[in-house]
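Residue numbers (full-length UniProt numbering): 1 to 498.
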(Lines of atoms letter the chains of each structure in order from A; the text may use other names.)
(Lines give C-alpha, C1' and ligand atoms only; values in the text may rest on other atoms or scores of the structure.)
Protein backbone atom coordinates (compact mmCIF):
# COMPACT_ATOMS: atom_id res chain seq x y z
CA UNK A 1 0.00 0.00 0.00
CA UNK A 2 1.45 3.36 -1.02
CA UNK A 3 2.05 5.98 1.66
CA UNK A 4 -0.23 9.00 1.93
CA UNK A 5 1.27 12.17 0.47
CA UNK A 6 0.51 15.21 2.64
CA UNK A 7 1.34 18.84 1.78
CA UNK A 8 1.48 21.62 4.38
CA UNK A 9 1.25 25.10 2.86
CA UNK A 10 2.29 28.58 3.98
CA UNK A 11 3.68 27.70 7.40
CA UNK A 12 5.76 30.86 7.66
CA UNK A 13 7.04 30.12 11.17
CA UNK A 14 7.56 26.36 10.78
CA UNK A 15 5.11 25.71 13.62
CA UNK A 16 3.43 22.63 12.19
CA UNK A 17 6.31 20.13 12.20
CA UNK A 18 6.02 19.19 15.86
CA UNK A 19 2.26 18.67 15.50
CA UNK A 20 2.67 16.16 12.66
CA UNK A 21 5.97 14.52 13.67
CA UNK A 22 4.15 11.42 14.95
CA UNK A 23 2.85 10.73 11.41
CA UNK A 24 6.17 10.66 9.57
CA UNK A 25 6.52 6.86 9.84
CA UNK A 26 3.28 6.43 7.87
CA UNK A 27 2.83 9.64 5.88
CA UNK A 28 5.10 11.47 3.44
CA UNK A 29 4.91 15.10 4.53
CA UNK A 30 6.12 17.99 2.36
CA UNK A 31 6.32 21.62 3.44
CA UNK A 32 5.81 24.61 1.14
CA UNK A 33 6.26 27.83 3.15
CA UNK A 34 6.35 30.07 0.05
CA UNK A 35 2.86 31.20 -0.92
CA UNK A 36 1.63 30.99 -4.52
CA UNK A 37 -1.30 33.22 -5.44
CA UNK A 38 -3.77 31.43 -7.76
CA UNK A 39 -5.26 34.78 -8.78
CA UNK A 40 -2.13 35.10 -10.92
CA UNK A 41 -2.47 32.62 -13.79
CA UNK A 42 1.22 31.67 -13.87
CA UNK A 43 1.30 31.12 -10.12
CA UNK A 44 -1.90 29.06 -10.30
CA UNK A 45 -0.24 26.71 -12.77
CA UNK A 46 2.76 26.45 -10.44
CA UNK A 47 0.43 25.72 -7.54
CA UNK A 48 -1.38 22.97 -9.45
CA UNK A 49 1.89 21.37 -10.53
CA UNK A 50 3.14 21.52 -6.93
CA UNK A 51 0.03 19.97 -5.36
CA UNK A 52 -1.05 17.48 -8.03
CA UNK A 53 0.67 14.45 -6.38
CA UNK A 54 -0.83 14.98 -2.91
CA UNK A 55 -3.66 13.07 -1.24
CA UNK A 56 -4.12 15.55 1.62
CA UNK A 57 -3.39 19.26 1.96
CA UNK A 58 -3.26 21.58 4.95
CA UNK A 59 -4.09 25.19 4.04
CA UNK A 60 -2.98 27.71 6.65
CA UNK A 61 -5.90 30.10 7.08
CA UNK A 62 -6.77 31.95 3.83
CA UNK A 63 -3.21 32.28 2.57
CA UNK A 64 -3.72 30.03 -0.46
CA UNK A 65 -7.25 30.18 -1.94
CA UNK A 66 -8.69 26.99 -3.43
CA UNK A 67 -11.16 27.87 -6.18
CA UNK A 68 -13.08 25.43 -8.35
CA UNK A 69 -10.46 25.46 -11.13
CA UNK A 70 -7.63 24.59 -8.75
CA UNK A 71 -9.68 21.86 -7.06
CA UNK A 72 -10.63 20.31 -10.41
CA UNK A 73 -6.94 20.09 -11.38
CA UNK A 74 -5.95 18.04 -8.32
CA UNK A 75 -7.07 14.48 -9.14
CA UNK A 76 -5.44 12.86 -6.11
CA UNK A 77 -6.87 15.19 -3.46
CA UNK A 78 -8.92 13.28 -0.86
CA UNK A 79 -8.79 15.55 2.20
CA UNK A 80 -8.37 19.29 2.76
CA UNK A 81 -7.51 20.67 6.19
CA UNK A 82 -7.49 24.31 7.26
CA UNK A 83 -6.60 26.23 10.39
CA UNK A 84 -9.65 27.87 11.91
CA UNK A 85 -13.28 26.89 11.38
CA UNK A 86 -14.11 29.52 8.81
CA UNK A 87 -12.19 29.84 5.55
CA UNK A 88 -13.88 31.92 2.87
CA UNK A 89 -11.09 31.19 0.38
CA UNK A 90 -12.20 27.54 0.00
CA UNK A 91 -14.83 26.73 -2.64
CA UNK A 92 -16.84 24.37 -0.43
CA UNK A 93 -19.45 23.51 -3.09
CA UNK A 94 -16.66 22.45 -5.48
CA UNK A 95 -15.03 20.34 -2.76
CA UNK A 96 -18.36 18.81 -1.78
CA UNK A 97 -19.11 17.97 -5.42
CA UNK A 98 -15.83 16.08 -5.56
CA UNK A 99 -16.61 14.28 -2.27
CA UNK A 100 -13.55 15.81 -0.61
CA UNK A 101 -14.00 16.22 3.17
CA UNK A 102 -12.88 19.52 4.70
CA UNK A 103 -11.94 19.91 8.36
CA UNK A 104 -10.86 22.95 10.37
CA UNK A 105 -9.52 23.60 13.82
CA UNK A 106 -11.64 24.52 16.83
CA UNK A 107 -10.72 25.33 20.42
CA UNK A 108 -10.22 29.05 21.02
CA UNK A 109 -8.75 30.03 24.41
CA UNK A 110 -11.25 31.59 26.84
CA UNK A 111 -11.33 35.31 27.48
CA UNK A 112 -10.72 38.23 25.17
CA UNK A 113 -10.34 37.19 21.53
CA UNK A 114 -6.76 37.27 20.20
CA UNK A 115 -7.68 39.64 17.35
CA UNK A 116 -9.29 42.02 19.82
CA UNK A 117 -6.12 42.00 21.91
CA UNK A 118 -4.02 42.65 18.82
CA UNK A 119 -6.31 45.50 17.77
CA UNK A 120 -5.71 47.22 21.10
CA UNK A 121 -1.98 46.55 20.88
CA UNK A 122 -1.95 48.41 17.55
CA UNK A 123 -4.16 51.27 18.77
CA UNK A 124 -1.94 51.85 21.81
CA UNK A 125 1.32 51.40 19.91
CA UNK A 126 0.24 53.94 17.29
CA UNK A 127 -1.14 56.42 19.81
CA UNK A 128 1.97 56.20 22.01
CA UNK A 129 4.56 55.93 19.16
CA UNK A 130 5.94 52.69 20.63
CA UNK A 131 7.69 51.45 17.47
CA UNK A 132 9.21 54.83 16.63
CA UNK A 133 10.49 55.41 20.18
CA UNK A 134 11.85 51.88 20.44
CA UNK A 135 13.87 52.38 17.23
CA UNK A 136 15.06 55.81 18.41
CA UNK A 137 16.32 54.55 21.78
CA UNK A 138 18.15 51.65 20.13
CA UNK A 139 19.75 54.13 17.71
CA UNK A 140 21.15 56.15 20.61
CA UNK A 141 18.46 58.84 20.63
CA UNK A 142 16.03 59.83 23.35
CA UNK A 143 12.62 61.50 23.45
CA UNK A 144 11.20 62.82 20.19
CA UNK A 145 7.42 62.53 20.27
CA UNK A 146 4.34 62.94 22.47
CA UNK A 147 1.67 60.30 22.92
CA UNK A 148 -2.06 60.71 22.38
CA UNK A 149 -4.40 60.39 25.38
CA UNK A 150 -7.30 58.18 24.32
CA UNK A 151 -9.60 59.07 27.22
CA UNK A 152 -12.65 60.91 25.97
CA UNK A 153 -11.72 60.33 22.32
CA UNK A 154 -14.10 58.70 19.84
CA UNK A 155 -13.55 55.12 18.69
CA UNK A 156 -15.35 54.51 15.39
CA UNK A 157 -16.10 50.84 14.71
CA UNK A 158 -16.64 49.96 11.07
CA UNK A 159 -18.64 46.80 11.73
CA UNK A 160 -20.21 45.90 15.06
CA UNK A 161 -20.05 42.13 15.12
CA UNK A 162 -18.60 40.06 17.93
CA UNK A 163 -15.03 41.32 17.52
CA UNK A 164 -15.98 44.95 16.99
CA UNK A 165 -18.21 44.87 20.07
CA UNK A 166 -15.40 43.42 22.19
CA UNK A 167 -13.06 46.17 21.02
CA UNK A 168 -15.76 48.71 21.89
CA UNK A 169 -16.26 47.25 25.37
CA UNK A 170 -12.59 47.77 26.20
CA UNK A 171 -12.75 51.33 24.86
CA UNK A 172 -15.64 52.16 27.20
CA UNK A 173 -14.43 50.39 30.33
CA UNK A 174 -10.66 50.91 30.13
CA UNK A 175 -10.34 54.31 28.47
CA UNK A 176 -13.68 56.06 28.86
CA UNK A 177 -13.92 56.53 25.10
CA UNK A 178 -17.05 57.35 23.15
CA UNK A 179 -17.91 54.46 20.82
CA UNK A 180 -19.77 54.97 17.55
CA UNK A 181 -20.44 52.34 14.92
CA UNK A 182 -21.54 52.01 11.32
CA UNK A 183 -22.35 49.20 8.93
CA UNK A 184 -24.71 48.93 6.00
CA UNK A 185 -27.66 47.63 8.06
CA UNK A 186 -26.81 48.70 11.60
CA UNK A 187 -29.62 50.17 13.70
CA UNK A 188 -29.53 51.60 17.21
CA UNK A 189 -31.53 48.60 18.44
CA UNK A 190 -28.87 46.25 17.10
CA UNK A 191 -26.11 48.40 18.60
CA UNK A 192 -27.89 48.25 21.96
CA UNK A 193 -28.15 44.45 21.66
CA UNK A 194 -24.39 44.25 21.13
CA UNK A 195 -23.73 46.57 24.06
CA UNK A 196 -25.98 44.49 26.33
CA UNK A 197 -24.22 41.31 25.19
CA UNK A 198 -20.94 42.88 26.33
CA UNK A 199 -22.38 43.74 29.75
CA UNK A 200 -22.77 47.44 28.92
CA UNK A 201 -25.92 49.56 29.21
CA UNK A 202 -27.91 50.38 26.07
CA UNK A 203 -26.58 53.51 24.41
CA UNK A 204 -22.93 52.61 25.10
CA UNK A 205 -22.51 52.08 21.36
CA UNK A 206 -24.03 54.77 19.14
CA UNK A 207 -25.18 53.63 15.69
CA UNK A 208 -24.46 56.45 13.23
CA UNK A 209 -26.73 56.06 10.20
CA UNK A 210 -24.71 58.21 7.79
CA UNK A 211 -21.27 56.91 6.86
CA UNK A 212 -19.75 60.34 6.19
CA UNK A 213 -20.77 61.67 9.60
CA UNK A 214 -19.44 58.50 11.22
CA UNK A 215 -16.02 59.02 9.62
CA UNK A 216 -15.86 62.74 10.38
CA UNK A 217 -16.34 62.01 14.10
CA UNK A 218 -13.62 59.34 14.32
CA UNK A 219 -10.46 59.77 16.37
CA UNK A 220 -9.65 56.07 15.89
CA UNK A 221 -11.26 54.18 13.01
CA UNK A 222 -11.09 50.42 13.63
CA UNK A 223 -12.18 48.08 10.82
CA UNK A 224 -14.13 44.91 11.74
CA UNK A 225 -16.07 44.08 8.57
CA UNK A 226 -16.51 40.75 6.79
CA UNK A 227 -14.82 40.80 3.37
CA UNK A 228 -17.09 40.08 0.41
CA UNK A 229 -17.36 41.39 -3.12
CA UNK A 230 -19.84 43.96 -1.84
CA UNK A 231 -17.60 45.16 1.01
CA UNK A 232 -14.32 45.20 -0.96
CA UNK A 233 -13.01 48.78 -0.88
CA UNK A 234 -15.70 49.87 1.59
CA UNK A 235 -13.22 52.50 2.78
CA UNK A 236 -12.30 54.42 -0.36
CA UNK A 237 -10.94 57.80 -1.44
CA UNK A 238 -13.98 59.83 -0.38
CA UNK A 239 -14.17 58.02 2.95
CA UNK A 240 -10.52 58.69 3.76
CA UNK A 241 -11.00 62.34 2.81
CA UNK A 242 -13.78 62.58 5.42
CA UNK A 243 -11.37 61.72 8.26
CA UNK A 244 -9.96 64.55 10.35
CA UNK A 245 -6.18 65.19 10.32
CA UNK A 246 -5.91 63.83 13.89
CA UNK A 247 -7.54 60.49 12.99
CA UNK A 248 -5.87 57.08 13.12
CA UNK A 249 -6.88 53.95 11.18
CA UNK A 250 -6.47 50.39 12.48
CA UNK A 251 -7.25 47.35 10.29
CA UNK A 252 -7.08 43.83 11.73
CA UNK A 253 -9.87 42.46 9.52
CA UNK A 254 -8.92 42.07 5.84
CA UNK A 255 -6.67 44.23 3.67
CA UNK A 256 -8.99 44.69 0.65
CA UNK A 257 -11.65 46.35 2.82
CA UNK A 258 -9.62 49.55 2.43
CA UNK A 259 -8.68 50.82 -1.02
CA UNK A 260 -4.91 50.37 -0.81
CA UNK A 261 -4.02 52.98 -3.43
CA UNK A 262 -6.21 55.58 -1.74
CA UNK A 263 -4.78 54.76 1.69
CA UNK A 264 -1.19 55.00 0.44
CA UNK A 265 -1.95 58.36 -1.14
CA UNK A 266 -3.56 59.65 2.07
CA UNK A 267 -0.64 58.53 4.24
CA UNK A 268 2.06 59.76 1.86
CA UNK A 269 0.40 63.18 1.92
CA UNK A 270 0.20 63.12 5.73
CA UNK A 271 -3.54 63.83 5.70
CA UNK A 272 -4.22 61.78 8.86
CA UNK A 273 -2.18 61.05 11.98
CA UNK A 274 -1.39 57.46 11.05
CA UNK A 275 -2.40 53.89 10.34
CA UNK A 276 -1.72 50.54 11.99
CA UNK A 277 -2.23 47.56 9.69
CA UNK A 278 -2.15 43.82 10.34
CA UNK A 279 -3.68 42.77 7.01
CA UNK A 280 -2.73 43.35 3.38
CA UNK A 281 -3.39 42.29 -0.18
CA UNK A 282 -1.48 40.30 -1.23
CA UNK A 283 0.06 38.46 1.68
CA UNK A 284 2.90 38.04 2.40
CA UNK A 285 3.81 41.56 1.36
CA UNK A 286 6.19 41.63 -1.62
CA UNK A 287 9.72 42.79 -0.77
CA UNK A 288 9.25 45.90 -2.90
CA UNK A 289 5.86 46.83 -1.45
CA UNK A 290 5.60 50.56 -0.66
CA UNK A 291 4.45 49.57 2.80
CA UNK A 292 7.94 48.15 3.34
CA UNK A 293 10.04 50.65 1.40
CA UNK A 294 8.52 54.04 2.30
CA UNK A 295 10.10 56.10 5.07
CA UNK A 296 6.93 56.58 7.09
CA UNK A 297 6.58 59.26 9.73
CA UNK A 298 9.13 61.68 8.20
CA UNK A 299 9.04 64.45 5.59
CA UNK A 300 5.36 65.07 6.19
CA UNK A 301 4.25 61.45 5.82
CA UNK A 302 1.90 59.87 8.34
CA UNK A 303 2.98 57.33 10.94
CA UNK A 304 2.53 53.73 9.78
CA UNK A 305 2.77 50.66 12.01
CA UNK A 306 2.80 47.22 10.39
CA UNK A 307 2.43 43.66 11.72
CA UNK A 308 2.43 40.50 9.53
CA UNK A 309 -1.20 39.34 9.97
CA UNK A 310 -0.73 38.18 13.54
CA UNK A 311 -4.13 39.08 15.02
CA UNK A 312 -5.00 35.39 15.29
CA UNK A 313 -1.51 34.21 16.28
CA UNK A 314 -1.00 33.29 19.90
CA UNK A 315 0.61 30.26 21.51
CA UNK A 316 -2.51 29.09 23.31
CA UNK A 317 -4.57 29.14 20.13
CA UNK A 318 -2.02 27.42 17.88
CA UNK A 319 -1.13 24.73 20.42
CA UNK A 320 -4.58 24.11 21.85
CA UNK A 321 -6.76 23.50 18.80
CA UNK A 322 -8.39 20.31 17.52
CA UNK A 323 -9.87 19.34 14.14
CA UNK A 324 -13.59 19.27 13.35
CA UNK A 325 -15.45 18.71 10.05
CA UNK A 326 -16.47 21.70 7.93
CA UNK A 327 -17.93 20.02 4.85
CA UNK A 328 -18.29 16.46 3.62
CA UNK A 329 -20.23 14.85 0.82
CA UNK A 330 -23.11 12.59 1.82
CA UNK A 331 -25.70 10.64 -0.09
CA UNK A 332 -29.12 12.27 -0.16
CA UNK A 333 -31.06 11.26 2.98
CA UNK A 334 -33.57 8.48 2.36
CA UNK A 335 -35.70 9.36 5.40
CA UNK A 336 -36.89 12.64 3.90
CA UNK A 337 -39.71 12.11 1.43
CA UNK A 338 -39.10 15.52 -0.14
CA UNK A 339 -35.94 14.34 -1.86
CA UNK A 340 -37.79 11.57 -3.69
CA UNK A 341 -41.23 13.17 -4.25
CA UNK A 342 -41.43 14.68 -7.76
CA UNK A 343 -44.45 16.92 -7.00
CA UNK A 344 -44.22 20.23 -5.09
CA UNK A 345 -45.74 20.12 -1.60
CA UNK A 346 -46.25 23.91 -1.42
CA UNK A 347 -47.10 25.06 -4.98
CA UNK A 348 -47.52 28.80 -5.21
CA UNK A 349 -45.54 29.25 -1.99
CA UNK A 350 -42.11 27.64 -2.33
CA UNK A 351 -39.82 27.47 -5.36
CA UNK A 352 -37.37 24.59 -4.92
CA UNK A 353 -34.02 25.20 -6.61
CA UNK A 354 -32.56 21.73 -7.01
CA UNK A 355 -28.85 21.09 -7.42
CA UNK A 356 -26.95 17.87 -8.17
CA UNK A 357 -24.37 18.93 -5.59
CA UNK A 358 -24.65 17.67 -2.05
CA UNK A 359 -26.34 20.32 0.13
CA UNK A 360 -26.63 22.55 -2.95
CA UNK A 361 -30.43 22.69 -3.22
CA UNK A 362 -32.32 25.68 -1.82
CA UNK A 363 -35.73 27.31 -1.67
CA UNK A 364 -37.05 30.76 -2.55
CA UNK A 365 -40.35 32.50 -1.90
CA UNK A 366 -43.15 32.77 -4.44
CA UNK A 367 -45.08 35.21 -2.23
CA UNK A 368 -44.62 38.51 -0.42
CA UNK A 369 -45.64 38.70 3.25
CA UNK A 370 -45.30 41.29 6.03
CA UNK A 371 -42.87 40.83 8.92
CA UNK A 372 -44.12 38.32 11.48
CA UNK A 373 -46.73 36.77 9.17
CA UNK A 374 -47.34 33.02 9.12
CA UNK A 375 -45.65 31.57 6.04
CA UNK A 376 -46.74 27.93 6.39
CA UNK A 377 -48.11 25.44 8.88
CA UNK A 378 -46.12 22.26 9.50
CA UNK A 379 -48.70 19.53 8.84
CA UNK A 380 -46.85 16.58 7.25
CA UNK A 381 -44.22 15.93 9.93
CA UNK A 382 -43.43 12.51 11.36
CA UNK A 383 -41.35 11.61 14.45
CA UNK A 384 -37.69 11.01 13.72
CA UNK A 385 -34.32 10.33 15.24
CA UNK A 386 -31.80 13.17 15.14
CA UNK A 387 -30.46 13.41 11.60
CA UNK A 388 -29.10 15.98 9.19
CA UNK A 389 -32.58 16.59 7.73
CA UNK A 390 -34.54 16.47 11.01
CA UNK A 391 -35.75 19.46 13.03
CA UNK A 392 -35.66 19.47 16.82
CA UNK A 393 -39.05 20.08 18.45
CA UNK A 394 -38.21 19.61 22.13
CA UNK A 395 -35.50 18.60 24.55
CA UNK A 396 -35.27 15.06 23.15
CA UNK A 397 -37.69 15.06 20.20
CA UNK A 398 -37.17 15.52 16.47
CA UNK A 399 -39.30 15.39 13.32
CA UNK A 400 -38.87 14.98 9.61
CA UNK A 401 -40.71 17.75 7.75
CA UNK A 402 -41.63 15.53 4.77
CA UNK A 403 -42.21 18.60 2.61
CA UNK A 404 -40.43 21.21 0.55
CA UNK A 405 -39.79 23.13 3.78
CA UNK A 406 -36.73 20.89 4.14
CA UNK A 407 -35.05 22.98 1.43
CA UNK A 408 -35.06 26.04 3.69
CA UNK A 409 -31.35 26.29 4.41
CA UNK A 410 -29.44 27.90 7.26
CA UNK A 411 -28.53 31.58 7.32
CA UNK A 412 -27.18 33.81 10.07
CA UNK A 413 -29.48 36.52 8.68
CA UNK A 414 -32.60 34.38 8.16
CA UNK A 415 -35.86 35.23 6.43
CA UNK A 416 -37.98 32.78 8.46
CA UNK A 417 -38.46 31.48 11.99
CA UNK A 418 -39.36 27.79 12.46
CA UNK A 419 -41.62 27.74 15.54
CA UNK A 420 -41.63 24.08 16.54
CA UNK A 421 -43.85 24.74 19.56
CA UNK A 422 -46.71 26.06 17.39
CA UNK A 423 -45.65 23.94 14.40
CA UNK A 424 -45.62 26.90 12.05
CA UNK A 425 -43.12 28.85 9.96
CA UNK A 426 -43.25 32.65 10.24
CA UNK A 427 -41.55 35.56 8.50
CA UNK A 428 -38.89 37.11 10.76
CA UNK A 429 -40.05 40.06 12.84
CA UNK A 430 -37.60 42.69 11.57
CA UNK A 431 -38.34 42.73 7.83
CA UNK A 432 -40.94 41.57 5.29
CA UNK A 433 -40.56 38.65 2.91
CA UNK A 434 -40.52 39.41 -0.80
CA UNK A 435 -41.00 37.29 -3.90
CA UNK A 436 -37.66 35.72 -4.82
CA UNK A 437 -36.16 35.97 -1.32
CA UNK A 438 -34.15 32.95 -0.19
CA UNK A 439 -36.08 30.92 2.38
CA UNK A 440 -33.71 30.39 5.29
CA UNK A 441 -33.78 29.99 9.05
CA UNK A 442 -31.20 30.10 11.83
CA UNK A 443 -30.50 26.45 12.64
CA UNK A 444 -29.48 27.03 16.30
CA UNK A 445 -32.96 28.51 16.88
CA UNK A 446 -34.25 24.92 16.94
CA UNK A 447 -31.13 22.72 17.13
CA UNK A 448 -29.31 22.27 20.45
CA UNK A 449 -26.57 19.92 19.21
CA UNK A 450 -26.64 19.28 15.48
CA UNK A 451 -26.13 15.87 13.92
CA UNK A 452 -23.65 17.35 11.47
CA UNK A 453 -21.94 20.67 12.14
CA UNK A 454 -20.69 22.78 9.28
CA UNK A 455 -18.92 26.00 8.37
CA UNK A 456 -21.42 28.69 7.38
CA UNK A 457 -20.64 30.81 4.31
CA UNK A 458 -23.92 32.71 4.20
CA UNK A 459 -22.06 35.98 3.53
CA UNK A 460 -24.05 37.88 6.15
CA UNK A 461 -22.32 40.55 8.21
CA UNK A 462 -23.59 38.57 11.22
CA UNK A 463 -22.18 35.25 9.97
CA UNK A 464 -21.17 33.05 12.90
CA UNK A 465 -18.84 30.75 10.98
CA UNK A 466 -18.92 27.35 12.67
CA UNK A 467 -22.52 26.15 13.23
CA UNK A 468 -22.98 23.17 15.54
CA UNK A 469 -26.11 24.15 17.47
CA UNK A 470 -27.05 26.49 20.32
CA UNK A 471 -25.22 24.37 22.91
CA UNK A 472 -21.79 25.73 21.94
CA UNK A 473 -22.87 29.35 21.42
CA UNK A 474 -22.63 32.13 23.95
CA UNK A 475 -25.59 34.27 24.88
CA UNK A 476 -24.01 37.21 23.08
CA UNK A 477 -23.87 35.24 19.82
CA UNK A 478 -27.57 34.39 20.11
CA UNK A 479 -28.69 37.92 20.95
CA UNK A 480 -31.26 39.22 18.49
CA UNK A 481 -32.36 35.79 17.25
CA UNK A 482 -35.79 34.28 17.89
CA UNK A 483 -35.28 30.97 19.73
CA UNK A 484 -37.64 28.06 20.27
CA UNK A 485 -38.84 27.50 23.85
CA UNK A 486 -36.85 24.26 24.22
CA UNK A 487 -33.65 26.08 23.21
CA UNK A 488 -34.34 28.86 25.73
CA UNK A 489 -34.90 26.24 28.43
CA UNK A 490 -31.72 24.33 27.61
CA UNK A 491 -29.71 27.57 27.61
CA UNK A 492 -31.04 28.52 31.05
CA UNK A 493 -30.16 25.06 32.29
CA UNK A 494 -26.66 25.26 30.79
CA UNK A 495 -26.08 28.69 32.30
CA UNK A 496 -27.31 27.65 35.77
CA UNK A 497 -30.44 29.77 35.66
CA UNK A 498 -32.91 26.96 36.44
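Even for Gly, the Cβ is constructed at its ideal location relative to N, Cα and C. As the structure is a prediction and not an experimental result, all values here were calculated from the model.
CA-to-CA distance, residue j to residue i, given in whole angstroms
i, j, result
"residue 214", "residue 304", "23 Å"
"residue 120", "residue 163", "12 Å"
"residue 194", "residue 12", "36 Å"
"residue 448", "residue 470", "5 Å"
"residue 3", "residue 58", "17 Å"
"residue 206", "residue 34", "44 Å"
"residue 339", "residue 354", "Because the pLDDT at residue 339 is just 36, under 50, the model does not fix this residue reliably, and the point stays unresolved."
"residue 130", "residue 242", "27 Å"
"residue 68", "residue 94", "5 Å"
"residue 96", "residue 450", "19 Å"
"residue 225", "residue 152", "24 Å"
"residue 289", "residue 37", "16 Å"
"residue 98", "residue 90", "13 Å"
"residue 168", "residue 201", "13 Å"
"residue 40", "residue 311", "26 Å"
"residue 25", "residue 31", "16 Å"
"residue 495", "residue 199", "16 Å"
"residue 383", "residue 43", "53 Å"
"residue 223", "residue 249", "8 Å"
"residue 396", "residue 472", "17 Å"
"residue 385", "residue 283", "46 Å"
Sequence-distant residues of the same chain with beta carbon closer than 7 Å to residue i, five excluded per side
i, result
"residue 277", "251, 306"
"residue 10", "33, 35, 60, 63, 64"
"residue 176", "151, 152"
"residue 394", "486"
Beta carbon of residue i nearer than 8 Å to that of residue j
i, j, result
"residue 273", "residue 245", "yes"
"residue 56", "residue 81", "yes"
"residue 457", "residue 88", "yes"
"residue 232", "residue 256", "yes"
"residue 361", "residue 418", "no"
"residue 445", "residue 391", "no"
"residue 254", "residue 227", "yes"
"residue 138", "residue 154", "no"
"residue 247", "residue 269", "no"
"residue 127", "residue 147", "yes"
"residue 166", "residue 116", "yes"
"residue 145", "residue 172", "no"
Assumed close pair residue i, residue j - CB separation to whole angstroms, cut-off 8 Å
i, j, result
"residue 455", "residue 104", "7 Å"
"residue 433", "residue 369", "5 Å"
"residue 280", "residue 291", "7 Å"
"residue 262", "residue 294", "The Cβ separation is near 15 Å, so there is no contact."
"residue 27", "residue 6", "5 Å"
"residue 428", "residue 371", "7 Å"
"residue 181", "residue 157", "4 Å"
"residue 344", "residue 404", "6 Å"
Top-ranked residue by Cα proximity to residue i, from the options
i, options, result
"residue 483", "173, 350, 375, 441", "441"
"residue 410", "389, 429, 400", "389"
"residue 491", "474, 112, 240", "474"
"residue 437", "414, 453, 420, 430", "414"
"residue 211", "198, 235, 316", "235"
"residue 452", "430, 102, 46", "102"
"residue 420", "171, 385, 379", "379"
"residue 110", "239, 316, 20, 21", "316"
"residue 187", "468, 20, 477, 431", "431"
"residue 443", "16, 435, 412, 488", "412"
Same chain, Cβ closer than 6 Å to residue i, five either side skipped, listed in chain order
i, result
"residue 424", "374, 377"
"residue 526", "In this structure the chain extends from 1 to 498, so residue 526 is not present and cannot be described."
"residue 83", "60, 61, 105"
Residues near residue i in its chain [Cβ-Cβ closer than 8 Å; skip 5 each side]
i, result
"residue 100", "71, 77, 78, 79, 80, 329"
"residue 185", "461"
"residue 190", "160, 207, 480"
"residue 52", "73, 74, 75, 76"
"residue 416", "375, 408, 425, 426, 427, 428, 433, 439, 440, 441"
beta-carbon residue i near the ligand ZN non-hydrogen atom, thresh 7 Å
i, result
"residue 375", "The ligand ZN is not among the ligands present in this structure, which contains no ligands whatsoever."
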